[in-house]
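Each residue of the sequence shown is one higher than the one before, starting from 18 at the first, in our numbering. Just so it is clear, CB atoms sit at the ideal spot from N, CA and C, and this is done for glycine as well. Data first, discussion second: the structure below is written as structure tokens.
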Amino acid sequence: MRFKLTLKINREKYGDTLPLSYQYEASSAIYRILSNADKEYSTWLHDNGFNLEPKKKFKLFTFSRIFGDYKIFKDTARIKYFGEAVEWYVSFLPERSTQKFIEGLFLNQTFEIGDRKSVVQFHIKCVEAMPEPAYSEEMEFETQSPMCIKLKNEDGRIDYLSPKDVRASYLIFNGLLDRYKIFYGKALPCSPEDCKLEILTEPQSALIMIKAGTTAQTRVRGYQCRFKVKAPVEVMKIIYSSGIGVQTSVGFGCVEVIN
18 MRFKLTLKIN REKYGDTLPL SYQYEASSAI YRILSNADKE YSTWLHDNGF
68 NLEPKKKFKL FTFSRIFGDY KIFKDTARIK YFGEAVEWYV SFLPERSTQK
118 FIEGLFLNQT FEIGDRKSVV QFHIKCVEAM PEPAYSEEME FETQSPMCIK
168 LKNEDGRIDY LSPKDVRASY LIFNGLLDRY KIFYGKALPC SPEDCKLEIL
218 TEPQSALIMI KAGTTAQTRV RGYQCRFKVK APVEVMKIIY SSGIGVQTSV
268 GFGCVEVIN
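Rendered as structure tokens:
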């Protein structure tokens, strides 16, 4: 289930400028909100039928970029927001009891995103459950945050693949089918080769800094594009609700359905 969070910018606190790479900090903000209701969240997962290992219980979400009226400053790698409010979309794989729980958990929360140079404080003033799309076995999507596809080389290095790479389709669908099996405790009667990925626009590369300015700093590459998928409806639900590709809970792979 997907939610639109309307965020008020508290300019008087820190300002209205974020680093371009804010995904990790945004993910951390969601983790903190969920952690504040750890017992209730664990119960919610159980009620939704998920018997997950402790380290996996927070991996059931993805989120978009923060949308609004903004200007990007490439020379300083900053993004400045205008206006009083922005919109942020967060998607969760669980379905039952989701709306009431998430609305109560997130509404009126105040949190901060940023780095050592610039921080924005946001206040969640509205939480709106979005209607589910009409799922079918052929759908078109557009990324709302970069799609990340990773492949480890024989020497242990990580390659970040474009979705147009011939290896990308197998990696994507193998991951989605594994995710379905882990979450629902059963496998779908199909293989990655049965699913089809067609890229509709030229993928635009985005290099995102994770844990910027720390000793654990890493660079992750993702791609923005429109694409078409042919796959079982269950796979489409996984894509929409929990993202496509890897590192979805750190702000990669959130998509919107294109009619």
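Is residue i near residue j, with beta carbons less than 8 Å apart?
| i | j | result |
| --- | --- | --- |
| VAL246 | MET164 | no |
| PRO220 | LYS181 | yes |
| PHE78 | PHE109 | yes |
| PHE139 | LYS25 | yes |
| CYS225 | VAL237 | Reading the sequence as shown, one finds Ile at residue 225 and not Cys. Contact flag set, yes. |
For residue i, report the span of its alpha helix (DSSP H) as first-last.
| i | result |
| --- | --- |
| PHE190 | 185-201 |
| LYS134 | From DSSP, LYS134 is part of no alpha helix (DSSP H); its letter is neither H nor E. |
| ALA46 | 40-52 |
| LYS213 | Careful: LYS213 lies outside any alpha helix (DSSP H), inside the beta strand (DSSP E) at 213-216. |
Would you mind sorting residue i into buried or exposed? The rule is 16 or more other CB atoms within 10 Å of its CB.
| i | result |
| --- | --- |
| PRO36 | buried |
| SER153 | exposed |
| VAL252 | buried |
| SER162 | buried |
| PRO71 | Confidence at PRO71 is low in this model, with a pLDDT of 48, below 50, so its placement is unreliable and no value can be given for it. |
Sorted by chain position, which residues of the same chain lie with C-beta nearer than 8 Å to residue i's C-beta, five sequence neighbours on each side aside?
| i | result |
| --- | --- |
| ALA229 | PRO36, SER38, TYR41, ASP132 |
| LYS73 | Only weak support exists for where LYS73 lies, its pLDDT of 47 falling under 50; the coordinates are left without a value. |
Which same chain residues end up closer than 7 Å to residue i when comparing Cβ atoms and leaving out the 5 residues on each side of it in sequence?
| i | result |
| --- | --- |
| GLN116 | MET18, ALA146 |
| ALA46 | PHE128, ILE130 |
| VAL103 | LEU24, ILE26, ILE83, PHE84, GLY85 |
| LYS135 | The residue you asked about is not Lys; residue 135 is Ser in the sequence shown. Excluding sequence neighbours, SER135 sits near GLY32, THR34, LEU35, PRO36, ARG95. |
| ILE275 | GLU157, PHE158, GLU159, ARG243 |
Identify, in the order they occur along the chain, each residue of the same chain with its Cβ nearer than 6 Å to the Cβ of residue i, setting aside the five sequence neighbours on each side.
| i | result |
| --- | --- |
| LEU188 | ILE166 |
Quickly, what does DSSP pair residue i with across the bridge? List them, please.
| i | result |
| --- | --- |
| LEU224 | ARG238 |
| LEU24 | VAL103, ILE141 |
| VAL267 | According to DSSP, which records beta bridges pairwise, VAL267 is partnered with nothing at all. |
| ASP176 | LEU168 |
| ASP92 | Answer by DSSP bridge pairing: none, since ASP92 is not bridged. |
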